[in-house]
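Take a look at the structure set out below.
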Amino acid sequence: MSQPLSRRRMLKGLGAGIALPLLEGMLPLNALAASAKTPPLRMAFLFVPNGVSMEHWTPATEGAGFAVPDVLAPLSSLQGQFSILSGLTQQHAFANGDGPGDHARSAAAWLTGVQPKKTAGADIHNGTSADQIAARAVGSATRFASLELGCEGGREAGDCDSGYSCAYSSSISWHGETTPNAKETNPRLVFERLFGDGDAADRSLSWYRRNSLKQSILDFVLEDANVLSKQLGGKDRQKLEEYLSGVREIEQRLAKMESAAEALKTPGMKTPAGVPQDYAEHIRLMGYMMVLAFQNDLTRVSTFMFANEGSNRSYPMVGVPEGHHDVSHHGKDERKLEAKRLIDRFHVEQLGYILRKMASIKEGDGTLLDHTMLVYGGGISDGDRHNHDNLPILFAGKAGGAFRQGRHVVYKNGTPMTNLFLSMLDRMGAKVDHLGDSTGQLQGLF
Amino acid sequence: MPPKGSPAPTQNSRAAAVSVLRTLLAAPANLPHVTLRRLNRFEYENTIRDLTGVEYHASDEFPSDDVGYGFDNIGDVLSISPLLMEKYLRAAQQIATKAIVAPEDRVSLYEGKRLPLPVAGGNHVEDGVMLFTNATVAVNHPFTPGRYRLKVTVTPMQAGPERVKIAVGFRGNRIAVTEVDGSVPISFEYPIECSEAGVFKVDVSFVNDYYKADAPPKERDRNVIVNAVEIDGPFGGGAISPWQAKYVPANSSSASLRSILKTLATRAYRRPLTAPELDRLAALSQRALDGGMSVERAAQLGLTAILTSPNFLFKVEPSDAAKPLDAYQVATRLSYFLWSSMPDEELTRLAAGASLLKPEVLKQQVARMVSDPRCAAMADSFAAQWLELRKLHAMTLDKGTFPAFSEDLRDDLIAQSKAFFLDVVRNDRSVVEFLDSNFTYANDRLAKAYGLGSVSGPEMRRVPVPPGQAGGLLSQGSFLMVTSNPTRTSPVKRGKWVLDNLLGAPMPPPPPGVGNLGDNAQILDAKTLRARMEAHRAKPECAVCHNKLDPIGFSLENYDAMGRWRDQDAGAKIDSEGVMPDGTKFAGVAGLRSLLLKRKDEFVQCLAEKLLTYALGRGLTSADEPLLKQAVQNARANGYRFSSLIETIVLSSTFTQHRMEGR
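The listed protein sequences derive, respectively, from chains B and L.
If you read the first sequence in this note's numbering, its first letter stands for residue 19, the second for the next number, and so on.
If you read the second sequence in this note's numbering, its first letter stands for residue -14, the second for the next number, and so on.
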């Protein structure tokens, strides 16, 4: 074989290659080798609904070396990598004069620390969530500012909880005060979003993925939106503003893709077929999508709702045919308490899978988990009482060495959970003075 | 409502206060504005089908739409997240390439590293696969019936007495053996004909390997590099869809691009285009032509932009609620109300001449649209939400408790209620048949499981209600199951469903601090579900609402969580008696039915309320009250026919934002 280059040139001359469209800005095909710099810090919030059986969750002793309670047993092999934070409270999930609707409120307030406005339709209003504040600070470094995952879509009919819009109980991530972030529930769609559909060669050739072409389409529709905006007023213009902000976000992503660091990623697995029948498999696959996104530095911020708040899904795989919401109102009934324990433990098993995946990925001087701050838990403590103090909160990952893990830290009951977020955001490099009802950074984490 | 025994305002003072408030609130000036609505998933899917002929499954691709006031087409609630925007752009690209096939898209190129290696005897080199012994490079390619042109590019490395020879095959049959001369890349073309659709193998083999170790280096080794396999096609009939033939005809000139785009955008925006809009659209597509691409490619680009534009994604109306809608906007409201899709040619034509705004024309159109197959969207969207059928999709019963339950059966129940609903709509029956009918729908599976006589085949068909059984919605498994828990019935949920969806009298949610069943020992001790609920009702704060909810639910206890008839529950005879707070005693589904029939105007108003909310895409206020009363009056005067409700809504000034004369 001689003169490969000249032959290649001749090949083109003969017209064997497809005529490449002229509009494209070629995607950088030569991926830069993974940077040898310090791995970035990631932040994840994993949510479970309907409270947790606290007597099987809370360690008996404070500090390091606690005996792992029953519900947390699936994490035994990870001891030293996570902590339980007791006493944290979401004040704005309580009624505070708004009457019933604890499920909706507790999901909506979980990451915002803001009392969601009680409304079934018009004028939903909440705060911006902690993950989105982080996404704003570090999102420009990655293709996706943040990733919102779940296993259940929004409710499809009827109202959701005592006069609260379904948007509240199905969203923990809030882009802005009036915009809940839609979440992706199909692993195939997440995968295609992260890695594109088709193989790498397809992606580089596909006419439609040419960035400059996309850009000219976006320019066109932006102009349309601007013309329209002049004719509209009030709430209509607000709706159009959501459209515009979506378009701008895509533009930013395109700009990022032009930089060499954003070369095509290879996930090392095939596109998932769709939503698995098996719920455990579904959670794991979605969790794995999050891990892949972190590993490939496609995003550094993610939320993941195992189920929507108030979910009445049944858990036959652990012997609980009744609905989750139904048994969470246990009324001290032994059978229901037991069912609730089994469900909680099932969720923690899936968490264990995700954490172990993260711990198995070597990165810099440690693992992916070491460079992550992950919060797992919910906005309801006891499912029967609907209380929002002393919440079940598990905190995993060493945040690049900042946090001492493996402890049971007991805070004074009533300590705002937003204080924890403030500390995490600070660590993430998102400087904010307060978030919702926060009163200052959480002490004793470091 | 204060608990029994507490002081309350007198009947007279209540009535007086309500009357004053009604007058104040019903002023037309108080009619709220409908916030700018985007298409929801269902509407998007239907609109794409009617606009481009492409079946796009938005429900599988887009995040779910938020629900407000019981429906997922409410302007205030429908939002666009960055994720959804991304999906819109991607969908637009996919749909445009599916709707319009460009010559460029016909060509598939397998080259360089994309060429798969043979099992043995080949290596990837920079520009292809080098075959150093007799070996085969094969690609698997999706074909549809038609003629194709296969182009193979190879680089021979000559040695020995013969020239390099390659053999080309299609679906395992050799179609040619070609001798390759020279020492630079060279292409050969082969026509192939494919008679059926499928993924088939195209292969290129090196067939005369030669190696002589003692020859001088240049004469020692004969090899070949396969550089590329290009498959171009199909050509000939059937290669483009009838839709494409109509809107982007084959061999369109670049001069016709502007008019192609104008037609596409006018349909997509559901109104005529302004000149600057068309100019910008043409300029965008021109970029593809300037880049040397085909008219089809340029039209694809234009269609992608059109489908991403806010003018397509939003149903644009004036922001001022006092301003009348123009005829195109009325056509859009009407077609999304009855079809969940874009206006068809007839509606657009009537809008163009503004005659659509005449009440008699609107009436004719309603009649035409209701009998059109697209009206099935009312069952899939309106009824599926009104009757909470969509919730049923996400619901499973415990298979241990209900071995007869299957996902298929659940789908049948949904189909049954939809078919029943459509029967009333299409045949313009009295809406009172929703409460009481002598017919229902069933297929073989459903009939067998629910004892609805003998039916053969999987399609839903109309069957008479067997003697001794109840018709109407109350006896349908969809309602009875969606209101149950996975292992048992829930009389409270059934009561709530009836109050919410049939009587329009929703109960306020439970006050804070009250728990569910089983909060105290007395309740826990009670044996049956009914006894436990009665103990629970002894608490005054619970009784206020449960006095209404529970008796309704109890009357339906003869239906189990699947909705099958039963006489006993856990060995005890079912007690289906109940007493309403006003002392009315009734028993069983028959008792409940006659109770509801006595209050049929309340039911009709409830249905009118749901329909109006759905038609407008906003929550109702007291300013809408007069229209609802009007709807009930008109319905009563017209034998409660379904069309009377639809007509009252469509002809109202609330719907058109016009003063309609001559009603």
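Using N, Cα and C, we set each Cβ at its ideal position, and we do this for glycine too.
Quiz item: Which partner residues does Gln553 (chain L) have in the DSSP bridge list?
Solution: L:Lys558
Quiz item: Nearest CA to the CA of Leu580 (chain L): which residue from L:Glu71, L:Gln79, L:Pro101, L:Leu484?
Solution: L:Leu484
Quiz prompt | Beta-bridge partners of Lys300 (chain L), as assigned by DSSP | solution = L:Arg22
Exercise. Pull up the CB-CB distance for Gln99 (chain B) and Gly382 (chain B), whole angstroms please, since I reckon it's below 8 Å.
Key: That pair is no contact at about 16 Å.
Quiz item: Are His406 (chain B) and Ser399 (chain B) closer than 8 Å when you measure CB to CB?
Solution: yes
Quiz prompt | Backbone secondary structure at Ala200 (chain L) - three-state DSSP | solution = coil
Quiz item: Rounded C-beta distance between Phe514 (chain B) and Val336 (chain B)? I'm assuming under 8 Å.
Solution: Residue 514 (chain B) falls outside the range modelled here, since chain B spans only 19 to 464, and no answer is possible.
Self-check item: Straight-line Cα distance separating Arg(-1) (chain L) from Val5 (chain L)
Solution: 10 Å
Quiz item: Exposed or buried, which one is Glu632 (chain L) when buried takes at least 16 other CB atoms within 10 Å?
Solution: buried
Quiz item: For the beta strand (DSSP E) that contains Gly462 (chain B), what are its first and last residues?
Solution: Unbroken run through Gly462 (chain B): none, as it is neither H nor E.
Quiz prompt | Range of the contiguous alpha helix (DSSP H) that encloses Trp192 (chain B) | solution = Looking at the DSSP string, Trp192 (chain B) is not in any alpha helix (DSSP H); the run it does join, the beta strand (DSSP E), is 192 to 194.
Quiz item: Can you tell which of B:Gly172, B:Tyr297, B:Asp296 has the C-alpha that lies nearest to the C-alpha of Ile190 (chain B)?
Solution: B:Gly172
Quiz item: Applying the criterion that 16 or more other CB atoms from any shown protein chain within 10 Å of the CB defines a buried residue, is Gln370 (chain L) buried or exposed?
Solution: buried
Quiz item: For His193 (chain B), which residues in chain L fall below 8 Å Cβ to Cβ?
Solution: Ser66, Pro67
Quiz item: Asp51 (chain L) versus chain B: which residues are under 7 Å apart at the beta carbon?
Solution: Gly172, Ser183, Cys184, Ala185
Quiz item: Does any residue of chain L bring its CB to less than 8 Å from the CB of Ala291 (chain B)?
Solution: no
Self-check item: Segment contact flag, the stretch 601 to 611 of chain L with the stretch 570 to 580 of chain L, C-beta cutoff 8 Å, min 3 pairs
Solution: no
Self-check item: Anticipated Cβ contact below 8 Å, Ser294 (chain L) with Gly264 (chain B), distance rounded
Solution: Contact flag wrong, Cβ pair sits at about 13 Å.
Quiz item: By Cβ distance below 6 Å, which residues in the same chain neighbour Ala377 (chain B) in space, the five residues on each side in sequence not counted?
Solution: Thr385, Leu387
Self-check item: Residues of the stretch 318 to 335 of chain B with Cβ closer than 9 Å to any Cβ of chain L, in chain order
Solution: Asn330, Arg331, Ser332, Pro334
Quiz item: Any C-beta of chain L sitting closer than 8 Å to the C-beta of Pro339 (chain B)?
Solution: yes
Exercise. Return helix, strand or coil for Leu601 (chain L), following the three-state DSSP convention.
Key: helix
Quiz item: Which word fits Gly214 (chain B), buried or exposed, when buried means at least 16 other C-beta atoms lie within 10 angstroms of its C-beta?
Solution: buried
Self-check item: Pick from L:Pro388, L:Phe387, L:Tyr426, L:Gly385 that is closest to Asp397 (chain L), judged by C-alpha positions
Solution: L:Tyr426
Exercise. Consult DSSP for Ser101 (chain B) and reduce its assignment to one of helix, strand or coil.
Key: strand
Quiz item: Apart from the five residues just before and just after Ala400 (chain L), which ones in its own chain have a Cβ nearer than 6 Å to its Cβ?
Solution: Met445
Quiz item: What separation, rounded to the nearest whole angstrom, lies between the Cα atoms of Thr20 (chain L) and Ala76 (chain L)?
Solution: 25 Å
Practice problem: Count the C-beta pairs between the stretch 556 to 563 of chain L and the stretch 452 to 459 of chain L that are closer than 8 Å, then say yes if the count reaches three, no if not. | Solution: no
Quiz prompt | CB contact check: Gly447 (chain B) to chain L, cutoff 8 Å | solution = no
Quiz prompt | Contact with chain B by Gly154 (chain L), beta-carbon distance below 8 Å | solution = no
Quiz item: When the distance is taken between beta carbons, is Tyr321 (chain L) closer than 8 Å to Glu28 (chain L)?
Solution: yes
Practice problem: Please say whether Phe65 (chain B) and Met323 (chain B) have beta carbons closer to each other than 8 Å? | Solution: yes
Quiz item: The beta strand (DSSP E) spanning Lys430 (chain B) covers which residue range?
Solution: 425 to 434
Exercise. Compare the beta carbon distance of Gly131 (chain B) and Thr433 (chain B) with 8 Å and say whether it is the shorter of the two.
Key: no
Self-check item: Distance, Phe588 (chain L) Cα to Val346 (chain L) Cα
Solution: 29 Å
Quiz item: Can you name the start and end residues of the beta strand (DSSP E) that Val450 (chain B) belongs to?
Solution: Val450 (chain B) -> no beta strand (DSSP E), and no H or E assigned at all.
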